[in-house]
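Working notes for the structure below.
4 protein chains.
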Amino acid sequence: MHIAMTGLPNNLSPRKSPVQQRSQITFDAIHIATIQVLAHEGLDKCTTTRVAERAGVSVGALYQYYPHRSALLAAALSRHLTTLTSTIERCCEQLKGAPLERMVRELVDTFLAAKFRNKMEARALYAISVDHGGPLLIEEAGRRLDTAIAGMLTTEPENVIQNPAIAGTIIRITLSGFARAVLTGNAPAELEEHIGHQCMRLIYNYLSDNRMPSTP
Amino acid sequence: MHIAMTGLPNNLSPRKSPVQQRSQITFDAIHIATIQVLAHEGLDKCTTTRVAERAGVSVGALYQYYPHRSALLAAALSRHLTTLTSTIERCCEQLKGAPLERMVRELVDTFLAAKFRNKMEARALYAISVDHGGPLLIEEAGRRLDTAIAGMLTTEPENVIQNPAIAGTIIRITLSGFARAVLTGNAPAELEEHIGHQCMRLIYNYLSDNRMPSTP
Amino acid sequence: MHIAMTGLPNNLSPRKSPVQQRSQITFDAIHIATIQVLAHEGLDKCTTTRVAERAGVSVGALYQYYPHRSALLAAALSRHLTTLTSTIERCCEQLKGAPLERMVRELVDTFLAAKFRNKMEARALYAISVDHGGPLLIEEAGRRLDTAIAGMLTTEPENVIQNPAIAGTIIRITLSGFARAVLTGNAPAELEEHIGHQCMRLIYNYLSDNRMPSTP
Amino acid sequence: MHIAMTGLPNNLSPRKSPVQQRSQITFDAIHIATIQVLAHEGLDKCTTTRVAERAGVSVGALYQYYPHRSALLAAALSRHLTTLTSTIERCCEQLKGAPLERMVRELVDTFLAAKFRNKMEARALYAISVDHGGPLLIEEAGRRLDTAIAGMLTTEPENVIQNPAIAGTIIRITLSGFARAVLTGNAPAELEEHIGHQCMRLIYNYLSDNRMPSTP
DNA sequence: CATGAATGAGTCTTCATTCAT
DNA sequence: GATGAATGAAGACTCATTCAT
Numbered sequence: 044m045h046i047a048m049t050g051l052p053n054n055l056s057p058r059k060s061p062v063q064q065r066s067q068i069t070f071d072a073i074h075i076a077t078i079q080v081l082a083h084e085g086l087d088k089c090t091t092t093r094v095a096e097r098a099g100v101s102v103g104a105l106y107q108y109y110p111h112r113s114a115l116l117a118a119a120l121s122r123h124l125t126t127l128t129s130t131i132e133r134c135c136e137q138l139k140g141a142p143l144e145r146m147v148r149e150l151v152d153t154f155l156a157a158k159f160r161n162k163m164e165a166r167a168l169y170a171i172s173v174d175h176g177g178p179l180l181i182e183e184a185g186r187r188l189d190t191a192i193a194g195m196l197t198t199e200p201e202n203v204i205q206n207p208a209i210a211g212t213i214i215r216i217t218l219s220g221f222a223r224a225v226l227t228g229n230a231p232a233e234l235e236e237h238i239g240h241q242c243m244r245l246i247y248n249y250l251s252d253n254r255m256p257s258t259p
Numbered sequence: 044m045h046i047a048m049t050g051l052p053n054n055l056s057p058r059k060s061p062v063q064q065r066s067q068i069t070f071d072a073i074h075i076a077t078i079q080v081l082a083h084e085g086l087d088k089c090t091t092t093r094v095a096e097r098a099g100v101s102v103g104a105l106y107q108y109y110p111h112r113s114a115l116l117a118a119a120l121s122r123h124l125t126t127l128t129s130t131i132e133r134c135c136e137q138l139k140g141a142p143l144e145r146m147v148r149e150l151v152d153t154f155l156a157a158k159f160r161n162k163m164e165a166r167a168l169y170a171i172s173v174d175h176g177g178p179l180l181i182e183e184a185g186r187r188l189d190t191a192i193a194g195m196l197t198t199e200p201e202n203v204i205q206n207p208a209i210a211g212t213i214i215r216i217t218l219s220g221f222a223r224a225v226l227t228g229n230a231p232a233e234l235e236e237h238i239g240h241q242c243m244r245l246i247y248n249y250l251s252d253n254r255m256p257s258t259p
Numbered sequence: 044m045h046i047a048m049t050g051l052p053n054n055l056s057p058r059k060s061p062v063q064q065r066s067q068i069t070f071d072a073i074h075i076a077t078i079q080v081l082a083h084e085g086l087d088k089c090t091t092t093r094v095a096e097r098a099g100v101s102v103g104a105l106y107q108y109y110p111h112r113s114a115l116l117a118a119a120l121s122r123h124l125t126t127l128t129s130t131i132e133r134c135c136e137q138l139k140g141a142p143l144e145r146m147v148r149e150l151v152d153t154f155l156a157a158k159f160r161n162k163m164e165a166r167a168l169y170a171i172s173v174d175h176g177g178p179l180l181i182e183e184a185g186r187r188l189d190t191a192i193a194g195m196l197t198t199e200p201e202n203v204i205q206n207p208a209i210a211g212t213i214i215r216i217t218l219s220g221f222a223r224a225v226l227t228g229n230a231p232a233e234l235e236e237h238i239g240h241q242c243m244r245l246i247y248n249y250l251s252d253n254r255m256p257s258t259p
Numbered sequence: 044m045h046i047a048m049t050g051l052p053n054n055l056s057p058r059k060s061p062v063q064q065r066s067q068i069t070f071d072a073i074h075i076a077t078i079q080v081l082a083h084e085g086l087d088k089c090t091t092t093r094v095a096e097r098a099g100v101s102v103g104a105l106y107q108y109y110p111h112r113s114a115l116l117a118a119a120l121s122r123h124l125t126t127l128t129s130t131i132e133r134c135c136e137q138l139k140g141a142p143l144e145r146m147v148r149e150l151v152d153t154f155l156a157a158k159f160r161n162k163m164e165a166r167a168l169y170a171i172s173v174d175h176g177g178p179l180l181i182e183e184a185g186r187r188l189d190t191a192i193a194g195m196l197t198t199e200p201e202n203v204i205q206n207p208a209i210a211g212t213i214i215r216i217t218l219s220g221f222a223r224a225v226l227t228g229n230a231p232a233e234l235e236e237h238i239g240h241q242c243m244r245l246i247y248n249y250l251s252d253n254r255m256p257s258t259p
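Chains as they are written, first to last, in the numbering used here: chain A, 44 to 259; chain B, 44 to 259; chain C, 44 to 259; chain D, 44 to 259.
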């Protein structure tokens, strides 16, 4: 159940949940330090020593909380994804029964806002997306997002959504893709402010229309 | 001009182009080995030693062609992106003046086919997208793709595309995002075969319609 | 101020001064090992691995104290020069006001004694005089020696020294040159025991007389 | 006898003496390149490849003339020392029977002029003085210089030189020491132009006087 | 003979991890 | 528990030297 809670595969979960107050502070300090070092120095230079240093604790202390470096990194990504996922799940819950347009508008806004709240962090964490258990975490988060969005779409009043499951996935991939493009600098600066707008168009039109490619 | 040709930032470009036959063989062997090791072992274990070993040459030989590991990795990504970019550029060129629907259909098909031709390779190369000059290469490739697509859209007969530049970017980001989702296993298996279809819907509807969010 | 204390240019100074007892032992062991390996194997073979081995510690421990091989070597030379310089400075201080003959005699004796106290070490360190920051260290030591000697000469009772600054340098170069010749085996064995004597003659006559070349 | 001619110990002598014209050119080019690279890049970076490159030949060609890197370096030093030695020998020969003052003056001038003719080269070669057979070459050159100077001193008309052999060595060491100090930047700039003058005083007074330390 | 591609032993250096204090 | 010194495996990279062409 530990797995279920943190989304971390087997041996990648933190060693112990901090119970005392001092522990909690240290734990958080390490988490923050991890992201900072990751952002400022890159994955390769995000070493346990440097993280510990930045967190103001000893390496030994760090290993008190995480069994190894991968777990440390995975935890950073995990926390980020968990926050994002929860936010979206809550959002979708609240939008149940709302008109499609509002669903799309608010979902897009919420998603991007969550992703862009701390751009540095979000950007840095892409480094973990290829290794250290990142793929698994991302996959799981993806599933949860898909489910949440699909659940919301099912309640769409006019019932225009034929396959909510697929639609949920399509929306999630679209949003993730655009967020990544913006965060990694792969979108022209002038597009950045219109990203939300464009995503809405993309998604809204996709959902409300299915003429063309149905007869390919 | 070296930069212009390879898309590799100065210090990341290969050391020398092989002139003799033996050289060419070694050079290619190294390139192939790089991708294989990357795919099978991951970025961290894609060491110069292992690559050389797999290529059946000595480390020294490897360093005769690449000044350092990063250049080796960058070159692998570069070649991949160059192929993709050229393919799309050619495709867009040929589609000039075609009806919108055909444009979209063929662009999507070509893009995904190119990306999926060698899935293992494409998947492996995502590891380089965060470092080793990857971001620069990707950015440049992105610009070229955007331009190519925009150029094509400009010739759309019915003239429904208001802002081809933006549209080009949107399309590219969309396609890249979906390709990545599929390749990294972030799309449910059952969606995989419909990816092309869904992308077309997404893009075609986006292009042909702009009712909703124009009045937000 | 670190620079001022060790005479080592910024990036060549040791990493950290050992505070705990264990550290101090390791630190000293490394220093001694460096000189031994240097003496027995030569500069080229004075590798970090070999030094660590000889010191009975791991390479890692070595790198805890020195940022790189050059710093290790520089430190060895630095310590030697600092000792020499301090000794001479003290000597010159005590000889202030003494008659010229005694000044020369004792300075020469002290200098050579200091240099020859550990011939193996002194000999070995010549290898660092061309690189690894050696030239800078030597230059600085030279300046301090010159100053010390000049300061002493200024107090010569009979006031025969016209230009103490120049004389100080001349003396220092002379002494260094002869010490080197002896240590590197460039002086015939039979001269070795008379070196002090000869140096005194050279220097004393130089100082007390300046007839000839003043009318060249 | 090869040894006798080149002054190079056993396996450090060049592989073959170039007989053909083309060979001679290549041979010289390599020699010059060696010194240039040594001067500009330092001993460590004076690699066979770089030297060959600079000389405009292939590594293979270089190995045609020198059995290994050490021989290449030793040869550079050897040539330098041979030139110096010959010059001094000729000088001493011509000064036989001259008055002491002239002997000293011209010897000092000739020595320093020879050493300073190509400062860059002389400076660079100090790097070889600790290894690669350098010590042996220097020792041999020292002996020849000592002998030459002693031979000259023997013919001094007024017969004031008690022990020409020792005196010869003292003079040689003195001159070498000052030359080195100047070349390695260990003499204050303002002294540089007076070096000859100072050396003469040092040596002349040493030779003509032996009052003091004879009664220590 | 010259070339320069290939070799591979050997360097320096880093860093995850352990463990005596 | 916390500390941080020590470990040592592993990686990047160089370069003297050889040898097929």
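No residue lacks a Cβ here, since even glycine has one placed at the ideal position from N, Cα and C. Note that the structure is predicted; figures quoted are calculated from it, not measured.
Asked	Found
Ile-131/A to Leu-179/B span [Cα, whole Å]	32 Å
Option in Tyr-169/D, Thr-91/D, His-74/D with minimal Cα separation from Gly-177/C	Tyr-169/D
The alpha helix (DSSP H) enclosing Lys-162/D, as first and last residue numbers	162 to 168
Test: Thr-227/D CB closer than 9 Å to a CB of chain C	yes
Contacting positions in the segment 166 to 188 of chain B - beta carbon closer than 7 Å to chain A	Tyr-169, Ala-170, Val-173, Asp-174, Pro-178, Ile-181, Glu-182, Gly-185
Beta-carbon spacing of Ile-209/D, Gln-241/C below 9 Å	yes
With 16 other Cβ atoms within 10 Å as the buried cut-off, status of Asp-87/C	exposed
CB contact below 9 Å: Phe-221/A versus chain B	yes
Contact with chain C by His-237/D, beta-carbon distance below 9 Å	yes
Of the listed residues Asp-152/A, Arg-145/A, Glu-96/A, nearest to Ser-219/A (C-alpha basis)	Asp-152/A
Pick from Glu-201/D, Ser-251/D, Arg-112/D, Pro-231/D that is closest to Ile-214/D, judged by C-alpha positions	Ser-251/D
Minimum Cβ-Cβ distance from Asp-71/D to chain C less than 9 Å	no
Buried versus exposed call for Arg-254/C [16 or more other C-beta atoms within 10 Å across all chains shown]	In this prediction, Arg-254/C scores a pLDDT of 46, lower than 50, which makes its location untrustworthy; no coordinate-derived value is stated.
Neighbour list for Arg-112/D in chain C, Cβ cutoff strictly below 8 Å	Going along chain C, no residue has its Cβ under 8 Å from Arg-112/D, so there is no contact; the nearest lies around 11 Å.
Test item: CB-CB of Ile-246/A and Val-94/A under 9 Å	no
Leu-105/A CB to nearest heavy atom of the ligand GTP below 8 Å	Absence of the ligand GTP is noted for the structure shown, with no ligands found whatsoever.
Residue-chain proximity (Leu-86/B, chain A), Cβ-Cβ < 9 Å	yes
Buried versus exposed, by CB contacts within 10 Å (16 or more), Leu-143/B	buried
Chain-order list of residues whose beta-carbon lies under 6 Å from that of Ala-230/A (same chain, five-residue window excluded)	Ala-224
Closer than 9 Å at the beta carbon, the chain A residues around Leu-224/B	Looking at the sequence provided, one finds Ala at residue 224/B rather than Leu. The contacting residues are Gly-185, Thr-212, Arg-215, Ile-216, Ser-219, Gly-220.
Sequence-distant residues of the same chain with beta carbon closer than 7 Å to Thr-217/B, five excluded per side	Cys-242, Leu-245, Ile-246
C-beta atoms of Glu-96/C and Gly-228/D nearer than 9 Å	no
Collapsed DSSP secondary structure at Ala-72/C in the structure displayed	helix
Opening and closing residue of the alpha helix (DSSP H) in which Gly-99/C lies	Here Gly-99/C belongs to no alpha helix (DSSP H), and DSSP marks it neither H nor E.
Where His-83/B falls, given that 16 or more other Cβ within 10 Å makes a residue buried	exposed
Separation of Thr-125/B from Arg-160/B, as counted between CA atoms	14 Å
Close Cβ partners of Gly-239/D (< 7 Å) along its chain, the five nearest in sequence each way excluded	Val-151, Asp-152, Leu-155
CB of Thr-128/D within 9 Å of CB of Leu-188/D, strictly	yes
Neighbour list for Asp-152/A in chain B, Cβ cutoff strictly below 7 Å	Simply none; closest approach about 11 Å.
Straight-line Cα distance separating Ser-172/C from Ile-12/D	What the structure shows of chain D is the stretch from 44 to 259, and residue 12/D is not part of that stretch, so it cannot be assessed.
Nonlocal neighbours in the same chain, by C-beta distance under 7 Å from Lys-139/D, ignoring five residues either side	Met-195, Thr-198
Integer Cβ distance of Leu-105/D from Thr-90/D, believed to fall under 8 Å	At roughly 11 Å, the Cβ-Cβ gap does not stay under 8 Å, so Leu-105/D and Thr-90/D are not in contact.
Alpha-carbon spacing of Leu-115/C relative to Gly-99/C, whole angstroms	16 Å
Per-residue contacts from Tyr-249/A into chain B (C-beta, under 7 Å)	Arg-244, Leu-245, Asn-248
Per-residue contacts from Pro-231/A into chain B (C-beta, under 7 Å)	Thr-212
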